[in-house]
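Structure record follows, encoded as structure tokens.
Chains as they are written, first to last, in this note's numbering: chain A, -14 to 208; chain B, 24 to 270; chain C, 95 to 317.
So this is what it looks like as structure tokens:
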């Protein structure tokens, strides 16, 4: 029992590593927020573009969406980080993480919003267009709000899943919680920093999961 | 035990759902070979009384006995008793992922532990007896409402129960499909089956019942032979009920 | 353009690494194949336990599910792998990955299975019980088949995610597809192996992703 405390709940080491871990925490949160904002925005853009059914572009967007949903997030991050130097771009681990996760989330969000758009009854379109509104106006004012609303429960789940991918940033040198915990663990030859890091993650994600369940419930009943 | 021991007995049964008391001190007996029909307006508690008999509803107080066995006290014998007490539901409750044969055979295999071939035989016979020999391989989705309910009846009688409980068996059916179900029920009665029926079909009740029990607001208002209840009810409430239904 | 292709899609390299990648893929599939049944069944046990009338048990189940849904799987894996030696246990990478992935996946499956069970109307169980069927038989033959049929789409979705998640095993040196790709990449100074790995994931999982879109569309349309 003493061993367990000494190894996993070592107060001194915890105290010593806390500042670094908190900085890592900040990086994690920053990456998550940016990736989510970019991802959802990107998804909206893609879904909107698909609504216009532009011939070649539409096919490319479909491939984009399928690709980033079939390939694991970690693989995407690694590809972005190690691949971009070859086209002359040098991204920091953090930036590569944000970019990679945003790409993945935008693919999922696009699928969700696009499905939402498609399931808005044709009658809504006809009503809007017959009163003289242009396609874009109908899309923006009548259709999109409904599509977005329908997609919210599914989207929250997906968003949290992608946000947890910020941990992958550790593999590509982003200085977030996991990466800080790992190096601290190696420095002190003690897994307490890992335990502390895990607790920090739980601190972020348990409330998010609760919130998402609340959101799912609220948005499923009304319509 | 005396030979006039009732098959099913409710003694002093009270039932509340949360703060709402639905049954107030019900005393009811059903003897072997009897057909008892429960009538009353919606909310009178008649379905709840029926569902207490096989303990799908557990009384808040009072006792439920089957052949003298106290069901609330002897939880371990409940499965055994349920195998002897069939139930037919208003919304059929057929298993959608099994054929008519599968629906009827499931309990035969898992409860009566019959081997597969034997279970198939018994199930097929049961379905034939309700006129659905040609529908054994059909799924519930392919059947009409009347056919579904007849499968429900077959499922109940295949276990050779000592009594069958019917909870508004025709209420969910289109009018033209009601007759086929009532015919099956009448044939069952003629075969001597003990039946407890909750129904709104008053003319049918009159035909089939030995005894009619009139309920209102969770109490038994009066009970007696079908003729007497329909022709000469002693209670105002019963008279009012009959009048409202154009009897 | 040519240079882009020869850097990222170098045919010679692709051909050369294909055997090694093939073995990596097999290991990916192997890990998925052993985690899936265990986490699925474990999820069934958990969701069944969650139906218990006892308050503390139901609460414990809820807590378990929320906990492992909130815990980033990579962090869980690393915690298990690096912490185990301090408890005197030397864990094989495959075993550590198996444990981490099973714990994670089982919570997702349990959540989906639970909603599936709740979607089966109570009359089904009542009918079964009224014919004398016991609780276990009612669950196995009447409730569960319908429950799983009702939540086919999220179940498949979770399984796709599971296969993708095996990529994290590369971090603890289990030689699945991503690990092999990264080794090749540093060996050959080329991003082609990473691109090849992404393409392999895409080819393997794309049919399922497409099929799932169709399913999800039906789901949202039904509402």
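Backbone N, C-alpha and C fix where the C-beta goes; we use that ideal spot for every residue, glycine too. All figures in this text were calculated on a predicted structure; none of them were measured in a lab.
- About 13 Å separates the beta carbon of residue 91 (chain B) from that of residue 33 (chain B), a gap too long to meet the 8 Å contact definition.
- Taking the C-beta atoms as reference points, residue 259 (chain C) is found nearer than 8 Å to residue 167 (chain C).
- Around residue 156 (chain A), the beta-carbon contacts reaching into chain C at under 7 Å are 265.
- Around the Cβ of residue 176 (chain A), a 10 Å sphere holds 16 or more other Cβ atoms; the residue is buried.
- Within the same chain, Cβ atoms closer than 6 Å to the Cβ of residue 96 (chain A) are found at 50, the five residues on either side in sequence being excluded.
- In this structure, residue 185 (chain C) sits near residue 178 (chain C), with a CB-CB distance shorter than 8 Å.
- Listed in chain order, the alpha helix (DSSP H) runs fully inside the region 136 to 160 of chain B are 139 to 152, counting runs of at least 4 residues.
- For residue 217 (chain C), the neighbours in chain B by C-beta distance under 7 Å run, in chain order, 112, 114, 116.
- Closer than 8 Å to the CB of residue 269 (chain C) there is not a single CB belonging to chain A.
- The beta-carbon separation of residue 113 (chain B) and residue 184 (chain B), rounded to 19 Å, does not stay under the 8 Å limit for a contact.
- Taking C-alpha positions only, residue 303 (chain C) is separated from residue 253 (chain C) by approximately 11 Å.
- Secondary structure remark: continuous alpha helix (DSSP H) runs of at least 4 residues inside the region 38 to 83 of chain B, in chain order: 69 to 76.
- Straight through space, the alpha carbons of residue 151 (chain A) and residue 19 (chain A) are spaced by roughly 11 Å.
- For residue 196 (chain C), no Cβ of chain A is located within less than 8 Å of the residue's own Cβ.
- By DSSP's assignment, residue 109 (chain B) forms a beta bridge with B:187.
- Taking a Cβ-Cβ cut-off of 7 Å, the neighbours of residue 310 (chain C) in chain A comprise 100, given in sequence order.
- A straight-line Cα-Cα distance of about 10 Å links residue 248 (chain C) and residue 255 (chain C).
- A direct Cα-to-Cα measurement between residue 26 (chain A) and residue 157 (chain A) gives close to 25 Å.
- Taking 8 Å as the cut-off, the beta carbon of residue 212 (chain B) is found no closer than this to the beta carbon of residue 243 (chain B).
- Separation of residue 221 (chain B) and residue 264 (chain B) (C-alpha to C-alpha, rounded to the nearest whole angstrom) is 15 Å.
- The beta carbons of residue 89 (chain B) and residue 31 (chain B) sit closer together than 8 Å.
- Burial check for residue 126 (chain C): the Cβ neighbour count within 10 Å reaches 16 or more, so the residue is buried.
- For residue 164 (chain B), same chain residues with a beta-carbon under 8 Å away, outside a window of 5 residues either side, are 119 in chain order.
- By the Cβ criterion, the region 25 to 42 of chain A is not in contact with the region 178 to 195 of chain A, since fewer than three pairs of Cβ atoms, one from each stretch, lie closer than 8 Å.
- Each residue's CA atom was taken as its position, placing residue 164 (chain C) and residue 190 (chain A) some 5 Å apart.
- Below the 9 Å Cβ cutoff, chain C contributes 164, 165, 166, 169 as neighbours of residue 186 (chain A), in chain order.
- Residue state for residue 205 (chain B) is assigned as helix, using DSSP reduced to three classes.
- With respect to chain A, the C-beta atom of residue 262 (chain C) has a partner C-beta closer than 8 Å.
- Under the three-state reduction of DSSP output, residue 245 (chain B) falls in the strand class.
- For residue 54 (chain B), the closest of B:206, B:100, B:187, B:245 by C-alpha to C-alpha distance is B:187.
- Relative to residue 135 (chain A), the option among A:121, A:148, A:115, A:105 whose CA is nearest is A:105.
- Residue pairing from DSSP places residue 89 (chain B) in a beta bridge opposite B:31, B:92.
- Rounded to the nearest angstrom, the gap between the Cα atoms of residue 76 (chain B) and residue 209 (chain B) is 22 Å.
- Per the Cβ contact rule, the region 201 to 215 of chain C is in contact with the region 132 to 147 of chain C (3 or more Cβ pairs under 8 Å).
- Put simply, the CB of residue 243 (chain C) is near chain B, with a gap under 8 Å to one of its CB atoms.
- When DSSP states are grouped into helix, strand and coil, residue 216 (chain B) belongs to the coil group.
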